[in-house]
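Undergrad: In this note's numbering, the protein residues as written are 1 to 72. Note that the Cβ used here is the ideal one computed from N, Cα and C, for glycine as well.
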Amino acid sequence: MIRPQTCPICDTELVTNAATLSPLFPFCSERCKLIDLHRWTEGKYAVVEPLTPEKMMEELLGDDPEAFEGEM
1 MIRPQTCPIC DTELVTNAAT LSPLFPFCSE RCKLIDLHRW TEGKYAVVEP
51 LTPEKMMEEL LGDDPEAFEG EM
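(1) How would you call E28, buried or exposed, if buried means at least 16 neighbouring beta carbons within 10 angstroms?
(2) Here's the rule: buried if 16 or more other CB atoms are within 10 angstroms of the residue's CB, otherwise exposed. What is C7?
(3) According to DSSP, is E49 helix, strand or coil?
(4) Just the Cα atoms here: how many angstroms apart are L21 and E58?
(5) When the Cα atoms are used, what is the spatial distance from R39 to Y45?
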């Protein structure tokens, strides 16, 4: 069973197609969006894994390292 998508701030259940319809996604409101932004600016969230150039390329290309070479 697939769980419904909820707002990460207040846990309000979002409509099924919120990702395509709402400019506020993944939030339910402007208020929740601003609360999240405030938490980032206050340092309450952190990226704990260092992002190396190798990891960044892996994230961009997935499992196909030749995909990038073909675009150059």
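TA: To lay it out plainly:
(1) By one-based count along the sequence shown, residue 28 stands at place 28. Here residue 28 is Cys; the residue named in the question, Glu, does not match the sequence. In summary, C28 is buried, with 16 or more beta-carbon neighbours lying within 10 Å of its beta-carbon over all protein chains present.
(2) Counted from its first residue, the sequence shown places residue 7 at position 7. That one is buried.
(3) Counting from 1 along the sequence shown, the entry for residue 49 is found at position 49. Reduced to three states, the DSSP call for E49 is coil.
(4) Counting from 1 along the sequence shown, the entry for residue 21 is found at position 21. Counting from 1 along the sequence shown, the entry for residue 58 is found at position 58. Their Cα atoms are separated by approximately 30 Å.
(5) Walking along the sequence shown from the start, residue 39 turns up at place 39. Walking along the sequence shown from the start, residue 45 turns up at place 45. Using only the alpha carbons, I get a separation of about 7 Å.
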